[in-house]
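Worksheet: one structure, shown below.
The structure is reproduced here in structure tokens:
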């Protein structure tokens, strides 16, 4: 069993945050400085040499509900005495997209706020199904291939279409409901606040992903293709409105490499999400994002710097539409780990973005959001 308890202080930008129904790009907003905290717990049990059970939960007051389950899965990996190894995982778990978030509570070892890519993955993506993995453990590196079948991720992509990219460490749990921008609710004649649950089954169709990995010490490389295979014309009722399936596909490629004392991480994603309530109303949102991160440890201190780029563009029945955006972000963080039990993190995040949808709130399309945070985590 392992976990942490965190206390945090934040200074916020003036723009209303996406978690509160605004179009700001940071977790906190409205110019209201905040004090808060959260906690995460992971419990694992090696039942046999081949069977591992694991579950993670979190307490985050900003989410609905505040206590929730992040993942719960069983992995069967028979003992192998050759270079080849096979495993199968069944349950609820994160797709293997992130190269950042591998800590307890799906957190990053370098920053408080994950990249735009991993912020979205944490909000809208989860696997409810099975993954099969084949590994070859060579003398220099381990290669692996994965394939998965899953359900209950049919609304994935709706936030990218309605709100665009956001950055924040709010990771959705099993029963989490996420909020849409209030101006978007007005556009689709939905009640405010407009919410939906990202982990829902709408059309009874299975999604797939396939991935290839290479690992050698601190060096990692991964390519993944994801397709939730959702029928974009199907819907369910939730919160007084129709929640449609969003057919979302994307490619993701990431690389991590150590140059001497420095560690560099980079990732890119490109994809499309579609909703088609009827043949005359087909909306496609193309989305693209990427980041590079550099970090180096100086004893107990470890600074990190990340640069993000992101973009979306929308078409309606093949013609350009106006729910698009482009932007960039710079994240500077400083970690202090005096021992294995304590981690102090200071972070400044600056995001410069342009989105015409802001004009509906009486704002300029271009906004610069700056957020600073100081957090202390106590691990156990």
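Numbering (the UniProt record's numbering), first residue to last: 1 to 380. The beta carbon of each residue, even a glycine, is placed where N, CA and C say it ideally should be. Only a predicted model underlies this, so the values are computations on that prediction, with no experimental measurement involved.
Straight-line CA distance for residue 334 to residue 302? 6 Å
Enclosing alpha helix (DSSP H) for residue 386 [first to last residue]: Here the chain comprises residues numbered 1 to 380, so residue 386 is not present and cannot be evaluated.
Look up residue 202 in the DSSP assignment and say whether it is helix, strand or coil. coil
In the DSSP assignment, what residue or residues form a beta bridge with residue 303? 334
State the Cα-Cα distance for the pair residue 175 and residue 152, rounded to the nearest angstrom. About 12 Å.
Out of curiosity, what's the CA-to-CA distance linking residue 82 and residue 238? 51 Å
Buried or exposed for residue 194, going by 16 or more other Cβ atoms inside 10 Å? buried
Taking only three categories from DSSP, how would you classify residue 19? In this structure, residue 19 counts as helix in the three-state DSSP scheme.
Would residue 337 and residue 378 be called neighbours here (beta carbons separated by less than 8 Å)? Their beta carbons are not under 8 Å apart, which means residue 337 does not touch residue 378 by this criterion.
Nearest residue (CA-CA) to residue 16, options 363, 113, 197: 363
Chain-order list of residues whose beta-carbon lies under 6 Å from that of residue 1 (same chain, five-residue window excluded): 43.
What whole-angstrom Cβ distance do residue 216 and residue 255 have, given they're in contact under 8 Å? Contact flag wrong, Cβ pair sits at about 12 Å.
Assuming residue 347 and residue 112 are in contact, meaning their beta carbons sit under 8 Å apart, how far apart are those beta carbons, in whole angstroms? With a Cβ gap of about 5 Å, residue 347 and residue 112 count as contacting.
Closest by C-alpha distance to residue 92, when choosing among 128, 120, 69: Nearest of 128, 120, 69 to residue 92, Cα basis: 128.
Assuming residue 252 is part of the alpha helix (DSSP H), what are its boundary residues? Not the alpha helix (DSSP H): residue 252 falls in the beta strand (DSSP E), residues 247-259.
Could you round the C-beta distance between residue 159 and residue 312 to whole angstroms and report it? I think they count as a contact, below 8 Å. In fact, because the Cβ distance is near 11 Å, the residues do not count as touching under 8 Å.
Buried versus exposed, by CB contacts within 10 Å (16 or more), residue 170: buried
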